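Below is one structure; the comments refer to it alone.
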Amino acid sequence: YTHNWPFDPIAGNLPSGPVTFWSVLGLFALILGLGAILFLRGRFELRMQKDEGDDSRPFCTVGSLDGFHPTPTQRATYKFFAVAALLFVLQVTAGLLTIHEFVNFTGIDIGRWIPITVSRSWHLQLALLWISTCWIAASIFALPMMSGGERRGQLGLVNLLFGLLVIVVTGMLIGVYLGPTGHLGDQWRMFGNQGWEFVELGRAFQWVLFAALALWGVIVFRGVLPFLRSRDKWALPNWLFYTIACVVVLFTSGFIATPETNFAIADFWRWSVIHMWVEAFLEVFTTVVVAYHLYLMGLVSWRSATAVVYAATILFLGSGMIGIAHNFYWIAKP
Numbered sequence: 302y303t304h305n306w307p308f309d310p311i312a313g314n315l316p317s318g319p320v321t322f323w324s325v326l327g328l329f330a331l332i333l334g335l336g337a338i339l340f341l342r343g344r345f346e347l348r349m350q351k352d353e354g355d356d357s358r359p360f361c362t363v364g365s366l367d368g369f370h371p372t373p374t375q376r377a378t379y380k381f382f383a384v385a386a387l388l389f390v391l392q393v394t395a396g397l398l399t400i401h402e403f404v405n406f407t408g409i410d411i412g413r414w415i416p417i418t419v420s421r422s423w424h425l426q427l428a429l430l431w432i433s434t435c436w437i438a439a440s441i442f443a444l445p446m447m448s449g450g451e452r453r454g455q456l457g458l459v460n461l462l463f464g465l466l467v468i469v470v471t472g473m474l475i476g477v478y479l480g481p482t483g484h485l486g487d488q489w490r491m492f493g494n495q496g497w498e499f500v501e502l503g504r505a506f507q508w509v510l511f512a513a514l515a516l517w518g519v520i521v522f523r524g525v526l527p528f529l530r531s532r533d534k535w536a537l538p539n540w541l542f543y544t545i546a547c548v549v550v551l552f553t554s555g556f557i558a559t560p561e562t563n564f565a566i567a568d569f570w571r572w573s574v575i576h577m578w579v580e581a582f583l584e585v586f587t588t589v590v591v592a593y594h595l596y597l598m599g600l601v602s603w604r605s606a607t608a609v610v611y612a613a614t615i616l617f618l619g620s621g622m623i624g625i626a627h628n629f630y631w632i633a634k635p
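Going by the numbering used here, the sequence shown opens with residue 302, and the numbers climb by one from there.
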């Protein structure tokens, strides 16, 4: 059952036959997969050279930027980027506080006021939040350029989304400190720190973040609705909504873990948040946003951008699903 895990020659725990077999087979699969990726990359470069210019936009120049007038929702995204920059500074600061606990280069016992569990949780959560805020704002900024206009009431929804994100960030910063330091009593899990790495924020603020992501999906859906009604259901703007919908759905896996949940089950779904939410669907979404902005700048054609999104979907989702398996060592699987 344990496949002689953990490895301990003195105790006679040596790799079993199945472990050796699947390890060697996995290595061969890795080499074969790398060869297939390099082959497809070469074919794709030839196709890009052939297709480039067929449906590309003019190159983005200083003159074209001077004539650009942002819409109200595009101007509303400026505060998202400003807050993201502030969160980045706070994340770096929290990281320095965490490192200080190990090396103590000032000679001051900062841990008396800010325990390492608090500073490290801040560091991890702030990374997720400032990165997510940037991508949320980037997608909203691109919507008017996709649809050629702005739907009524979109500005109010964007401002509401910003308010929800502010609640999440503020609640996380305060709760992650008050929970581990014992100031919340029995409400430590609801408003403090849930105790799971990367899913530290209190359950109440986790629900607020879920509502923010769902509202983000509504905003993007309204923006790409003309493309969703078209014949090409897999047009580049549609991919934006599809990936965001998956991001919202996969985020729910973070709600499974409770203090009473079996550790192996709870940790599996926690890793699903990391591998499927952050490292799979969010990466596909990132590829869509970057590809569309490159198309807007005239650097790639529409067909090339779409082809890259298809390739990224296969690679990210395929590797993301397989990537979860490397956490199976909790149940003694290779």
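Every residue, glycine too, gets a C-beta built ideally from N, C-alpha and C.
All values reported here derive from a predicted model rather than from experimental measurement.
The beta carbon of S420 is closer than 6 Å to those of A395, L398, T399 in its chain, skipping five residues each way along the sequence. For E402, no beta strand (DSSP E) segment is defined; the enclosing uninterrupted segment is the alpha helix (DSSP H) at 379-404. Between I432 and S531, the alpha-carbon positions lie close to 32 Å from each other.
Around the C-beta of R413, fewer than 16 other C-beta atoms lie within 10 Å, and the residue is accordingly described as exposed. Between F463 and F381, the beta carbon gap of about 6 Å places them in contact (Cβ cut-off 8 Å). V610 and D533 have their alpha carbons spaced roughly 15 Å apart.
Excluding five sequence positions before and after R452, the CB atoms of its chain that fall closer than 8 Å to its own CB belong to R523, G524, L526, given in chain order. For the region 534-618, the full-length alpha helix (DSSP H) segments reaching 4 residues or more read 537-552, 564-573, 583-597 along the chain.
Just so you know, the alpha carbons of E561 and F586 end up roughly 34 Å apart.
A385 counts as buried, since no fewer than 16 other beta carbons sit within 10 angstroms of its beta carbon. Residue state for G408 is assigned as coil, using DSSP reduced to three classes. Out of L456, A383, M446, the CA that lies nearest to the CA of L595 is found in M446. Under the 10 Å beta carbon count, T362 is surrounded by fewer than 16 other beta carbons and is classified as exposed.
With fewer than 16 other beta carbons inside 10 angstroms of its own, I623 counts as exposed. Boundaries cannot be given for L315, as no alpha helix (DSSP H) includes it and DSSP labels it neither H nor E. For V469 and R344, the gap between their C-alpha atoms comes out near 45 Å.
Taking the C-beta atoms as reference points, S554 is found nearer than 8 Å to S573. Each residue's CA atom was taken as its position, placing F542 and G313 some 53 Å apart.
Pairing L618 with A565 gives a Cβ-Cβ distance that is not under 8 Å. Rounded to whole angstroms, P310 and S317 show a C-alpha spacing of 12 Å. N460: member of the alpha helix (DSSP H) spanning 455-479, first to last residue. Judged by DSSP secondary structure, G368 falls outside any alpha helix (DSSP H); it is assigned neither H nor E. Residue S620 holds the alpha-carbon nearest to the alpha-carbon of I338 among S620, G368, L387, A626. The continuous stretches of alpha helix (DSSP H) do not include G496, which lies in the beta strand (DSSP E) extending over residues 494-497. Per DSSP, the continuous alpha helix (DSSP H) segment holding L526 begins and ends at 504-529. The beta carbon of L485 is closer than 7 Å to those of L479, F492, G493 in its chain, skipping five residues each way along the sequence. In the displayed model, E346 falls within a helix according to three-state DSSP.
Secondary-structure assignment with DSSP links D309 through a beta bridge to N314. Each residue's CA atom was taken as its position, placing A439 and V325 some 43 Å apart. Sequence-distant partners of G476 (beyond 5 residues in either direction) whose C-beta falls short of 6 Å from its own C-beta, in its chain, are F492, G493, G503.
For T607, the CB contacts under 7 Å within the same chain, skipping 5 residues up- and downstream, are L537 in chain order. Around the CB of S365, fewer than 16 other CB atoms lie within 10 Å, so the residue is classed as exposed. W578 and F569 have their C-alpha atoms some 13 Å from each other. A residue is called buried once 16 or more other Cβ atoms fall within 10 Å of its Cβ, and A513 is buried on that count. Excluding its 5 nearest sequence neighbours in each direction, S448 has C-beta neighbours in its own chain below 6 Å: G524, P527, listed in chain order.
Residue pairing by DSSP puts V500 in a beta bridge opposite W497.
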